[in-house]
Amino acid sequence: MEYKFREIEKKWQAYWKEHHVYQVKNDPEKKPFYVLDMFPYPSGAGLHVGHPLGYIASDVFSRYKRLKGYNVLHPMGFDSFGLPAEQYALETGQHPAKTTEQNIKTFKSQLEKIGFSFDWDREVQTSDPNYYRWTQWIFLKLFSSWYNKTTNKAEPVEGLIAEFEQSGTANIQDKKGCNFTAEEWKAFSEKEQQDILMNFRLAYSSFGEVNWCEALGTVLANDEVINGVSERGGFPVEKRKMRQWFLRITDYADRLLEGLERVEYSEAMKEMQRNWIGRSEGAEVDFSGVAETKDGKKPFTIKVYTTRPDTIFGVDFMVLAPEHDLVKEITSSAQEQAIDEYLQYVKSRSDRERMAEARQITGCFTGAYVDHPFMDKKVPVWISEYVLSGYGTGAIMAVPCGDERDFNFAKHFNIPITNIIGDAYTGEEANPTKDAILENSGFLNGMVMRDAIGTAIDRIEKGGLGTRKVNYKMHDAGFSRQRYWGEPFPIIWKDEIAYPLSENDLPLELPHVEKYAPGKNGEGPLSNLEDWVNTPLGRRETSTMPGYAGSSWYFLRYTDPHNNKEFASSDAMNYWGQVDVYVGGTEHAVGHLLYSRMWTKFIYDYGYISFDEPYKKLINQGMITGKSYFFTKSGDKIVSYKEGAEYEMMVRFKYGHKAVDSTGKLTKKAFEEFLKEDSIHEAPQFEIDWMNDGGEEYIYVKEEAEKMSKSKFNVDNPDDLVYKYGADTFRMYEMFLGPIEQSKPWDTKGIEGVNRFLKKLWRLFMDEEKGLIVTDEPATDAELRVLHKAIKKIGEDTERFSFNTAVSAFMILLNELSDLKCRKKEILTPLLIILSPYAPHITEELYHALGYEGSVVTAQYPQVKEQYLVESEKEYPVSVNGKLRTKIFISLEATQEEVESIVMDNEVIKKWIEGKKPKKVIYVKNKMINLVI
RNA sequence: GCGCAUGUGGUGGAAUUGGUAGACACGUCAGACUUAGGAUCUGAUGCCGCAAGGUGUGGGGGUUCGACUCCCUCCAUGCGCACCA
1 MEYKFREIEK
11 KWQAYWKEHH
21 VYQVKNDPEK
31 KPFYVLDMFP
41 YPSGAGLHVG
51 HPLGYIASDV
61 FSRYKRLKGY
71 NVLHPMGFDS
81 FGLPAEQYAL
91 ETGQHPAKTT
101 EQNIKTFKSQ
111 LEKIGFSFDW
121 DREVQTSDPN
131 YYRWTQWIFL
141 KLFSSWYNKT
151 TNKAEPVEGL
161 IAEFEQSGTA
171 NIQDKKGCNF
181 TAEEWKAFSE
191 KEQQDILMNF
201 RLAYSSFGEV
211 NWCEALGTVL
221 ANDEVINGVS
231 ERGGFPVEKR
241 KMRQWFLRIT
251 DYADRLLEGL
261 ERVEYSEAMK
271 EMQRNWIGRS
281 EGAEVDFSGV
291 AETKDGKKPF
301 TIKVYTTRPD
311 TIFGVDFMVL
321 APEHDLVKEI
331 TSSAQEQAID
341 EYLQYVKSRS
351 DRERMAEARQ
361 ITGCFTGAYV
371 DHPFMDKKVP
381 VWISEYVLSG
391 YGTGAIMAVP
401 CGDERDFNFA
411 KHFNIPITNI
421 IGDAYTGEEA
431 NPTKDAILEN
441 SGFLNGMVMR
451 DAIGTAIDRI
461 EKGGLGTRKV
471 NYKMHDAGFS
481 RQRYWGEPFP
491 IIWKDEIAYP
501 LSENDLPLEL
511 PHVEKYAPGK
521 NGEGPLSNLE
531 DWVNTPLGRR
541 ETSTMPGYAG
551 SSWYFLRYTD
561 PHNNKEFASS
571 DAMNYWGQVD
581 VYVGGTEHAV
591 GHLLYSRMWT
601 KFIYDYGYIS
611 FDEPYKKLIN
621 QGMITGKSYF
631 FTKSGDKIVS
641 YKEGAEYEMM
651 VRFKYGHKAV
661 DSTGKLTKKA
671 FEEFLKEDSI
681 HEAPQFEIDW
691 MNDGGEEYIY
701 VKEEAEKMSK
711 SKFNVDNPDD
721 LVYKYGADTF
731 RMYEMFLGPI
741 EQSKPWDTKG
751 IEGVNRFLKK
761 LWRLFMDEEK
771 GLIVTDEPAT
781 DAELRVLHKA
791 IKKIGEDTER
801 FSFNTAVSAF
811 MILLNELSDL
821 KCRKKEILTP
831 LLIILSPYAP
841 HITEELYHAL
851 GYEGSVVTAQ
861 YPQVKEQYLV
871 ESEKEYPVSV
881 NGKLRTKIFI
891 SLEATQEEVE
901 SIVMDNEVIK
911 KWIEGKKPKK
921 VIYVKNKMIN
931 LVI
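Going letter by letter, the first sequence gives residues 1 to 933 in the working numbering.
Below is the structure:
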């Protein structure tokens with residue numbers, strides 16, 4: 001019998017489906033284990049070989065844990081709202097719901113061919129009203145909550161209102177800039193009260209800057225704007241303030257930081273999140289002055305944020321962000337024109353330009369001065385684009401001797417620089433040290449800067465000049481999009497007040513539209529639906545939620561996916577608990593991962609779940625890159641590639657093509673043949689400088705790995721490989737490729753090896769003529785030893801996600817069993833079980849061929865029997881002065897003296913030590929022996 | 001610029017705590033079986049050398065009886081962040 005993988009795989013995939021083998025119950029009797037893949041967006045392009053890598057890893061792990069007796073939840077679903085479908089709709093007129101459905105179908109069929117153990121009964125799709133109903137529900141919950149810094153958790157706003165009625169803002173720790181008494185609160189109008197509450201709600205509406213494109217009549221995402229113009233059409237884009245929804249994630253910043261200590265993410269990932277949150281400790285300090293404007297003298301105060309209050313005596317000027325509200329109020333008449341021109345210039349520049357020309361120094365003096373709070377000094381106030389309005393207070397105190405940007409600015413505009421750190425400042429460049437001793441610094445003189453920080457803040461606070469303050473780089477997350485294909489907000493506006501829908505009105509279904517064009521005034525397509533927008537109660541919110549809304553809580557829904565009374569029952573969520581292993585790419589490092597962590601903490605605050613971190617362990621699979629051949633160009637000609645020389649890269653063409661041999665050599669003849677086919681990306685428009693040493697003309701081409709994409713011509717479709725080699729081979733090959741977390745180049749050359757392994761396995765059980773040739777003979781010690789060594793190694797490797805070494809351990813096991821000519825059921829049955837997570841189809845087939853009933857999926861993982869692994873002697877490597885000279889078999893029981901006498905008796909060793917007596921004999925039991933002479 | 005990660009044969013990679021570097025596989029070479037093989041099997045394969053032997057984990061230095069592994073330093077590649085006060 002032959003190994004007919006196509007038949008076998010089809011057969012068992014149907015069997016698994018029919019018998020609901022992968023259906024999971026919330027069974028409190030069994031130990032739960034939750035393995036999750038990151039939520040895929042069902043793109044139209046389908047899968048390439050890089051996508052399933054993580055899915056295969058998580059599938060192997062899930063199946064392994066199941067054999068180990070756990071109740072394993074391993075679900076799959078789709079993050080099916082999103083921009084690409086809408087973009088496609090805009091171009092082709094096809095409704096996103098329809099294209100999304102088709103894409104999901106393709107995606108699922110591709111996944112099914114690889115033999116995953118997903119419980120499809122638990123599938124969720126974020127665009128399904130039964131799902132987004134609960135996304136809307138959580139949004140309402142966020143809307144009606146505030147973050148109480150005293151109890152350090154989210155609470156209903158009713159409590160906040162009660163507090164306001166009782167004592168105003170007196171007892172509120174984080175007042176969000178509000179300050180009023182109970183009486184004042186009661187006297188406010190409803191609109192005033194609601195506006196105040198908006199400053200506290202965890203989901204709130206406010207004005208935020210967006211990229212507005214007048215020509216397209218729409219708002220664009222950052223990556224749709226290139227060099228200040230729209231990616232589509234190249235129309236100008238400008239900053240515009242629009243009403244937006246936000247999530248107050250900054251209130252959770254400290255808990256998001258603290259939570260990182262309790263999860264198993266890679267250090268790199270944690271670091272990325274910490275950087276994103278960007279916590280810094282410092283102080284807000286007020287600098288006051290009197291502006292002389294055309295309207296006369298006006299006192300004003302600039303609030304700056306600084307992490308280095310110790311340098312306050314080194315302040316030589318102040319800088320405001322150009323967008324700062326004070327700019328207009330303090331500018332002197334003399335400087336008015338210059339300031340206007342500068343503001344005009346800044347407005348014309350996009351964020352990207354500002355980033356691209358980061359080193360360009362621009363700015364303008366306002367004509368105003370502030371008084372230094374601790375000394376008699378007038379400090380000039382400037383504006384410059386290097387100060388960002390969104391960070392801190394949008395204003396800084398500039399200390400040029402300690403800060404590089406301040407230094408460059410001062411040099412550029414000839415502002416005198418005060419030195420407060422003596423020799424530590426050279427005058428050539430700023431020195432940001434914290435270890436210098438302060439000079440010219442009043443009450444801080446003689447102190448080490450590091451220690452002076454606290455003293456300075458104390459003094460500032462005592463003098464009523466400012467306060468200690470923690471700042472975050474992270475902003476509140478923008479939560480609305482002027483788009484169609486997303487969750488509608490359950491909000492109705494009336495008289496500028498946002499009224500939430502009642503829970504009972506959910507889901508607020510996304511209405512059908514015929515056109516996807518944006519509405520008026522930058523509103524989303526929904527605003528065109530007059531009937532839908534206008535209700536007796538008011539006007540509906542017309543933006544929709546962003547992609548991360550649905551994906552922030554989906555892992556909870558899988559625990560109880562069909563619940564129509566609540567988003568998931570607490571019993572179900574707490575039974576499964578945290579996701580034990582979460583597998584996905586690093587591209588979600590700061591977006592999805594932070595948002596879902598925040599939502600989890602929020603849901604935890606309300607007591608629905610007993611854990612506040614969603615993912616216990618995170619595995620980031622590396623990217624699989626695709627290789628291409630490149631022509632290299634030097635001057636006007638394509639030339640032969642040589643390592644190390646400088647070339648320009650030219651024209652990519654398909655890797656692995658037979659025209660190029662394994663050394664990268666391409667002959668003229670082969671290339672001419674090749675041109676007749678279609679595989680070349682674009683024909684080179686330059687002359688090729690063929691080499692010729694008598695025989696055939698040739699050149700060498702350069703081989704390079706890049707990120708896979710269709711346009712780069714380096715994509716392999718898993719369907720093709722599954723067709724050619726089978727799903728089991730494909731699965732094992734992807735695992736065999738290398739460590740899961742590393743990125744690695746894709747090359748199908750090696751897949752043959754894994755395919756041979758499976759064919760060889762098959763032949764261990766099956767003879768072409770005789771069929772099954774497995775015997776019931778009892779196993780020998782040698783066979784048992786080989787088996788148990790493998791069970792141990794493979795179990796350990798799988799546990800630590802070292803799948804590539806596990807696959808090689810299978811190969812070693814099979815090679816050893818072949819050498820022993822072992823065809824015994826006693827050995828082969830456990831082999832099938834331990835292999836089944838990696839190659840589920842072939843093992844299922846052979847398991848049944850051996851006469852077992854039921855699926856191998858339900859089998860029990862064999863126990864390692866240590867008694868087969870003990871050995872009595874070892875072949876020790878013996879070195880002289882650290883150089884390996886020979887190997888000697890010695891009993892493991894041997895003492896130091898015995899070893900020494902055995903080694904000294906050895907002919908090879910005698911030769912190397914030339915009769916000298918070793919100074920020292922190092923004998924490490926079960927490891928090695930080293931003689932020092 | 002800052003942060004993180006990674007550098008091992010022709011290739012993917014192994015060496016889990018400092019203890020036989022190159023497991024396993026691809027490729028290549030030689031051979032067997034064969035009408036044929038792109039099937040299968042056997043053997044060889046880091047580099048230099050006929051050999052004895054030497055040498056070898058990005059470069060240099062250090063700790064150690066012993067270093068791919070630890071420390072210092074430099075280089076290269078990849079990823080992330082980037083006027084963050």
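The beta carbon of each residue, even a glycine, is placed where N, CA and C say it ideally should be.
Do you know how far the Cα of residue j is from the Cα of residue i?
i, j, result
"Ala-477", "Ser-502", "24 Å"
"Asn-440", "Thr-418", "8 Å"
"Ala-154", "Tyr-548", "20 Å"
"Thr-895", "Ser-901", "10 Å"
"Lys-30", "Thr-467", "54 Å"
"Asp-612", "Lys-601", "5 Å"
"Glu-323", "Phe-246", "21 Å"
"Val-581", "Lys-616", "7 Å"
"Lys-270", "Leu-260", "7 Å"
"Asp-254", "Gln-102", "42 Å"
"Tyr-641", "Pro-745", "21 Å"
"Val-908", "Tyr-3", "51 Å"
"Gly-314", "Pro-400", "8 Å"
"Ile-330", "Gly-77", "57 Å"
"Lys-10", "Tyr-723", "11 Å"
"Trp-532", "Lys-191", "25 Å"
Determine the contact status of residue i and residue j, defining contact as a CB-CB distance below 8 Å.
i, j, result
"Leu-500", "Leu-140", "Before going further, note that residue 500 is Pro rather than Leu in the sequence given. Cβ atoms of Pro-500 and Leu-140: closer than 8 Å."
"Asn-528", "Gly-522", "no"
"Met-545", "Gly-442", "no"
"Leu-90", "Trp-146", "no"
"Ala-291", "Ala-398", "no"
"Ser-389", "Gly-363", "no"
"Phe-287", "Ile-302", "yes"
"Lys-821", "Val-774", "no"
Which of the three DSSP states, helix, strand or coil, is assigned to residue i?
i, result
"Thr-366", "strand"
"Gln-621", "coil"
"Val-24", "coil"
"Leu-256", "helix"
"Glu-284", "strand"
"Pro-380", "strand"
Kindly give me the distance between the Cβ atoms of residue i and residue j, rounded to whole angstroms, as I take these residues to be in contact under 8 Å.
i, j, result
"Ser-552", "Trp-599", "4 Å"
"Tyr-838", "Val-807", "7 Å"
"Tyr-64", "Pro-32", "Not a contact, Cβ separation roughly 15 Å."
"Gly-50", "Met-623", "6 Å"
"Gln-136", "Pro-561", "With a Cβ gap of about 17 Å, Gln-136 and Pro-561 do not count as contacting."
Can you tell me whether residue i is buried or exposed? The criterion is at least 16 other CB atoms within 10 Å of its CB, across all chains shown.
i, result
"Arg-756", "exposed"
"Tyr-554", "buried"
"Ala-187", "exposed"
"Gln-13", "buried"
"His-475", "exposed"
"Ala-517", "exposed"
"Ala-45", "exposed"
"Val-932", "exposed"
"Ala-436", "buried"
"Arg-66", "buried"
"Tyr-41", "buried"
Is residue i near the ligand COA, in the sense that its beta carbon is under 7 Å from a heavy atom of that ligand?
i, result
"Gly-54", "For the ligand COA, the structure offers nothing, since it holds no ligand at all."
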